[in-house]
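Once you know that position 172 of the sequence shown is 199 in my numbering, the rest is easy, because the numbers rise by one and skip nothing. Okay, structure first, notes after.
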Amino acid sequence: MDILAHAVYGATVCSRTGLGGGRQGGGQPWWRDRTIWLALGFGVLPDAVSMGPSFVAYCMAGMPDNFFHQFGGNGITLYRCMHSLVIGLAAVAILRVARKGLALPALAWPLHVAMDAVTHADGKFGTTVLYPFSTWMFPGVRWWEHPGVVWGYWLALTPIWMGLMVWRRGGRVIGGR
Ligand SMILES: [Zn+2]
28 MDILAHAVYG ATVCSRTGLG GGRQGGGQPW WRDRTIWLAL GFGVLPDAVS
78 MGPSFVAYCM AGMPDNFFHQ FGGNGITLYR CMHSLVIGLA AVAILRVARK
128 GLALPALAWP LHVAMDAVTH ADGKFGTTVL YPFSTWMFPG VRWWEHPGVV
178 WGYWLALTPI WMGLMVWRRG GRVIGGR
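This is the structure in structure tokens:
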């Protein structure tokens, strides 16, 4: 899944203003809900941490070749660590104890892994959900080879937000009686 979609899905699912807020939501303008921004950050974290340093080095070298073709070495190990459900969920569990307020937005990390699992396939950018215990990769569909998948996950956001608005409106009516 592309990194911008990861950011938007993280904020949509793992913030108080989004689905994570349940029926009541954040109860404030969305931009003042800090869990939106934290979820957005955790949503891009797996790609930013694993590919960010290599991308900076690639830019400083004058962008030779194709970034994704020459990405390798330690970057791949880091990519597998950051794209592991085991590691992502362990991080959420640690944050739940250390900084409880971060636990909900931090779920955007394992959400990123789960969504990559179905939108990547075997290969360099396969999703090693059980890493470091196994390098097995979920047999998903490569989003960069299937534009329909990209259209699908972007278009799905509209009914999700509309459904959320309707659901919340129902909650207010019940609460007002
Ligand atoms: Zn990713």
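The beta carbon of each residue, even a glycine, is placed where N, CA and C say it ideally should be. Computed from a predicted model, the values in this text were never measured in an experiment.
The beta carbon of Val71 sits closer than 6 angstroms to the beta carbons of Ile30, His33, Ala34 from its chain, once the five residues preceding and following it are set aside; these are given in chain order. For Pro137, the shortest C-beta to heavy atom distance toward ligand 1 is 6 angstroms or greater. Looking at Leu134, Tyr180, Gly115, the one whose alpha-carbon comes closest to that of Thr155 is Gly115.
Between the stretch 63–78 and the stretch 100–115, the count of C-beta pairs closer than 8 angstroms reaches three or more; the two stretches touch. The shortest C-alpha to C-alpha distance from Cys41 to any of Pro137, Trp58, Trp163 is the one to Pro137. The three-state reading of DSSP puts Asn93 in coil, since its state is none of H, G, I, E or B. In terms of Cβ geometry, Val119 and Leu134 form a close pair [threshold 7 angstroms]. Proximity annotation: ligand 1 has residues Pro73, Asp74, Asp143 in chain order, each selected because its CB is closer than 5 angstroms to a heavy atom of the ligand. Per DSSP, the continuous alpha helix (DSSP H) segment holding Phe82 begins and ends at 61–87. Leu65 sits buried, since 16 or more C-beta atoms from the chains shown fall within 10 Å of its C-beta. One Cα belongs to Trp171, the other to Arg43, and the distance between them is close to 31 angstroms. Sequence-distant Cβ neighbours of Val177 in its own chain, meaning closer than 6 angstroms and more than five residues away, are Trp170.
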